[in-house]
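Residue numbers (the numbering used here), protein chains in the order written: chain F, 108 to 1027; chain E, 16 to 88.
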Amino acid sequence: MISPTLLIITLSIYLLLLLAVANYGEKISKRPYSFFQNPYVYSLSLAVYCTSWTYYGSVGTASNNGFLFLTIYLGPTIAIVLWWEILRKLTRLKNRFNMTSIVDFISVRYNKSEGLAILATLFVLFGLTPYISLQLKAIIQTLNILSATTDNQVKIGPYVVLAMTLCSVLFGMRKLNTTERHPGMVLVLAVECLLKLGAFLAVGIFVTYFLNHGVTDILSKIPQVYTGDQLSFMGHGEHHETLTWITYLILGFSAILFLPRQFHIAVIENNNEKHIKTAKWVLPLYLFLINLFVLPIAVGGRIAGLSPLKADYFVLMLAQLKGNTFFTLLVFLGGFSAAAGMIMIETVTISTMISNNIFLPVFNRTRPLSFLTRHLLKTRWLCALMIMIFSYIYMLIVGDQLNLVSIGMISFAAVLQFAPLIIGALYSTKGSKAGAYAGFTAGAVVWFYTLVVPSLVASGFLDQSIATEGLFHFSFLRPEALFGLEGVSSLTHAVFWSMIFNISCYILFSLLFPPSVTEQKIAEEFVKALPRENNEDFDLGPDYETISLSHKKNDIQELLARYCSFEEAELIWKTSLQKIGIESKEKISVLKLAELTSEVEKALSGFIGTAAAHNSIVRSQIIGPAENESLTQIYSGLLTNLRINPAELKKQIILYREKEKLMQKETEVLADLVQKKAEELEEQKNLTFHASKMAALGEMAAGIAHEINNPLSIISLNNHMLLHQIEQDHVDKEGLKRFVKNIDLTVMRISKIITGLRTISRDDSKEDFAMNRFGDILDDVLALSGEKFKVHGIELRTNIDDSVVNLQFKCRRVQLSQVLINLLGNAYDSVEKLEHPWISLEAKINKGFLEIRVSDSGPGIPLELQEKIFQPFFTTKEVGKGTGLGLSLSSSIIRAHKGEIAIDNSSPHTTFVIKIPITL
Amino acid sequence: MNKWRHLLGKIEFHFFLAMLTILAFIWPFLTTPNLSNNLFVFKFLYGSWFIVIIIHFLMDRFSIEENETEDNS
């Protein structure tokens, strides 16, 4: 038992911390490259799907129904496979139409219908009340368990309701423009998701590995705690298990897409399409991890002797077995986070829907209430309180009769009623407003009758006879055996009939009452949301610019002022003008006016929802009757000028789109070809580089031969002297020693030359950069070039400190040696015929760069040639002597080292300067 | 990579993967003799689930899905 004071203090500290996180989130989101751009925050916030139902309820289901709990997470995993197609389409449509909720989405697609928005909002309110009540129940019950009281439900309930309302307001309803995302709330949800996962895993590990000996051990104990058909965890009971399994999968599938809070986080809060890709594996991984220990905990609870009736709270009760207050509080906070996160986001979304789609139309149509349009935010706060009270009442009536999962499934079945409308909207242009009305209403009524009515009967709120004898005593109207369908679970039964009615009515009424021309246009935009189209700017020219922008500004600002502050209205006005590109104009054409109105409508829908915004714009008559008339004339005129009828125009558009698709395919083929060619060129470049290196080595071959020949002569001479002394039988020990030493030194010299040759002929262009000593590079270079200079009487001046010689830095040794050999080779070519020739090699460290200077006694390179010498195949040497690739390749090698190579024009002689960063 | 994209586009990869996932998740029902073996079902469901996650992870890391023009705000 934990004292109530400690519980209150813990909860208060936790909520304050979350508030700080929310504030931090809001603040930091304005910075570029903040966490808001991080796909993991988005992905984790989506895990708000896992509520107290998951945290506590899954164990309850697992304890009584085996693996069935998994379907609630396997269903979403199937849906997530299709996210890249569906979710991306939804986010693009959200951006295009400035939608604020799932109800907005339905309303926009079906001809911006206000009636449909009201219907869907009311349905969401009733459909999701059980789900919110489930969360309240979990919070209240866990508080009761921890404080070891049983009759506190009524006492602490109202405080929990108030606290949750306050949290919803603080975390998600502090400002009005719901199109602006809620980065603070998203960050809070991500943090809460991490906490609940951590706490759940901690309990899982404790139960599996401390109270028992692993998963296999727990599962092997099933026969000790279960009997009869319960031994098979795949399912037991009276109903057809496969159908129940599939029903749960379908409900999980639709819930992850169509639950209002999931829609809000996944679509409305999405600010980057690429985040969907990450969410596609992060979210299933999260679901996988949080479900890993559900079964062990469920069986572990039974093994520990806990009552199966309390299975929903095994997680907390098992944590209490550890006897550690901190651990128990951590597990409690995990469960609290699961419930509170869901309550916050669900309340925010439903409040927005109610205020936009129900209250606002009433305020607009009722003159005495019209002043309330300025107090929309407060209206939303009131809605949040109403939702919470409504859920609490539902909990008091029904909560004790059903377990957590049964309550949640009622809401999941409700959300499924959106599926035909939304899938129809995304993939068909034939669905109409009438079809949406009919399908949705029929589905909702059947859902209510087959699922909610039985739950009300079970709680004693309705008469038992409805369930046993059917409505009006018609047995075929029994809510759990509609039209005589029996032998399946009540959930499968409800899902089957509600979907049959919903889909049939949607199709039938859409065929009977097809979409209007306007609706058809919207439908096409929805279906073709993915390939982005380029809308070219079109206007009629200055002669048609007759509408005064200042007059329209007054009309528009007057309209906007009803719903937002003056500053916000001014901002919307300016942004809209900028988007259309008419900010500097005084008069505009009627076409631009239509565009302007459309932009303002989009912005306004962020405040009051799409349907309400559309109606406000229509009623305000920003486009007057005369302007409407001329707009119609212009469109007709355009068609006439094009000498084309609407049907032909449509054909042409389709034809051009087909062409565009074809061109896109061709582009892909071309891109492939270009890629191949680029790879071939790269390969060719490497070969050329190698060939050039070999050519340079070839040029040096004579020098190298000479270089090896000289020492060989020395060895031969010394050998000869040795032989002579032996033959004369006059061995001078000191002389002998000297000859052998000379031979040894000379062999070492040859060995050094050969090592340099082997190093330089190796291809390291594909190797990674490695730490190398600059002295080693110098040894390679001087071993190959030094002798040549000596033989031809060229003085080699080196001025390099020991610190530079011993410098270690990241580079490709062979490539750098190649560059220096190239430069020294060029220097040799230019000075070999001069009098008193010299070549200088200097190196120093300068501001984090290794600076190497190669100079010679030559007169320098003429300015007009300096631009060309780094170009491939450019050479000033006589034919057959140079490849023209040396400097070009040297330049690309130095660039690969993030350095630069240049000619120092301030020097009176030819001087090349190389700079390479030593901290690469 | 383009070849892969082309191939995946042809066989409606997402649809195919969804079908495979569904099959994996209802498979235990199709293998009735194993229903009583809880450990087998546990390993099968979690194993196939994990494979699906790995596939998504690889798709994200190697950009297997089409990289269409974004429409972000």
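Note that beta-carbon positions come from the ideal geometry of N, C-alpha and C, so glycine has one too.
A distance below 7 angstroms between beta-carbons, with the five flanking residues on each side excluded, links F:Leu402 to the following residues of its chain, in chain order: Ala169. Within the model, the alpha-carbon separation for F:Leu294 versus F:Leu756 is close to 49 angstroms. Boundaries of the alpha helix (DSSP H) harbouring F:Lys699: Val697 to Ile715, taken from the DSSP string.
Residues are counted here when their Cβ sits less than 7 angstroms from a Cβ of chain E; for the segment 163-185 of chain F these are Phe174, Leu177, Leu181, Thr184 and Ile185, given in chain order. Scanning its chain for C-beta atoms nearer than 6 angstroms, with the 5 sequence neighbours on each side dropped, one finds around F:Gly546 the residues Pro527, Asn609, Cys612 and Tyr613, in chain order. If the five residues before and after E:Ser63 are omitted, its C-beta is found closer than 6 angstroms to the C-beta atoms of Ala39, all from its own chain and listed in chain order. Chain F places no beta carbon closer than 7 angstroms to that of E:Ile66, leaving this residue out of the contacts. Annotation for F:Gln427: the continuous alpha helix (DSSP H) segment containing it runs Phe421 to Leu428. The segment 443-452 of chain F makes contact with the segment 150-168 of chain F, as at least three CB pairs between them are under 8 angstroms.
The residue from F:His600, F:Tyr238, F:Val634 and F:Gly577 with its alpha-carbon nearest to that of F:Gly531 is F:Val634.
Here the C-alpha atom of F:Ser240 lies approximately 28 angstroms from the C-alpha atom of F:Pro468. For F:His320, the number of other beta carbons within 10 angstroms of its own is below 16, and it is reported as exposed. With respect to the 7 angstroms criterion, F:Phe360 and F:Gly182 are classified as neighbours on the basis of their beta carbons. With a contact defined as Cβ atoms closer than 8 angstroms, E:Leu60 and F:Leu177 qualify at about 6 angstroms. By the Cβ criterion, the segment 937-947 of chain F is not in contact with the segment 999-1015 of chain F, since fewer than three pairs of Cβ atoms, one from each stretch, lie closer than 8 angstroms.
CA-CA distance, F:Ile225 to F:Thr717, rounds to 12 angstroms.
Annotation: F:Trp604 is outside any beta strand (DSSP E); the continuous alpha helix (DSSP H) that includes it extends over Ser597 to Leu619. Under the DSSP assignment, F:Trp945 falls in the beta strand (DSSP E) whose first and last residues are Trp945 to Asn953. The beta carbons of F:Gly542 and F:Phe616 sit about 4 angstroms from each other, so the pair counts as a contact at 8 angstroms. Distance from the CA atom of E:Leu35 to the CA atom of E:Ile68, rounded to whole angstroms, is 13 angstroms.
Uninterrupted alpha helix (DSSP H) stretches at least 4 residues long and entirely within the segment 350-413 of chain F occur at 367-370, 381-398 and 401-410, given in chain order. F:Lys387 reaches chain E at His71, Met74 and Asp75, counting residues in chain order whose Cβ is nearer than 8 angstroms. When the five nearest sequence neighbours on each side are left out, the beta carbons in the same chain lying within less than 7 angstroms of the beta carbon of F:Thr198 are those of Val374, Asn377 and Glu380, in order along the chain.
Contact between F:Ser214 and F:Leu200 does not hold, since the beta-carbon distance rounds to 12 angstroms and is not under 8 angstroms. Not a single CB atom of chain E sits nearer than 7 angstroms to the CB of F:Lys1005. Cα atoms of F:Ala297 and F:Leu151: separation of roughly 5 angstroms, rounded to the nearest angstrom.
The bridge partners DSSP lists for F:Phe956 are F:Asn953 and F:Pro1024.
Here F:Leu302 has Leu440, Gly441 and Ser444 as same chain residues with Cβ atoms under 7 angstroms from its own Cβ, once five neighbours each way along the sequence are excluded.
Taking 7 angstroms as the upper bound on Cβ-Cβ separation, chain E lies near residues Thr349, Trp352, Ile353 and Leu356 of the segment 349-364 of chain F. Of the candidates F:His831, F:Ile860 and F:Ile952, the residue whose Cα lies closest to the Cα of F:Phe846 is F:His831. At least 7 angstroms separates the CB of E:Leu38 from every CB of chain F.
Counting only residues of its own chain and dropping the five nearest sequence neighbours on each side, F:Tyr393 has a CB closer than 6 angstroms to the CB of Ala154.
As far as DSSP is concerned, E:Ile41 takes part in no beta bridge.
Per DSSP, the unbroken beta strand (DSSP E) holding F:Glu902 starts and ends at Glu902 to Ile907. Using a 10 angstroms sphere on the CB of F:Ser498, the tally of other CB atoms reaches 16 or more, which defines it as buried. The beta-carbon distance between F:Val522 and F:Leu350, rounded to whole angstroms, is 20 angstroms. This is too long to meet the 8 angstroms contact definition.
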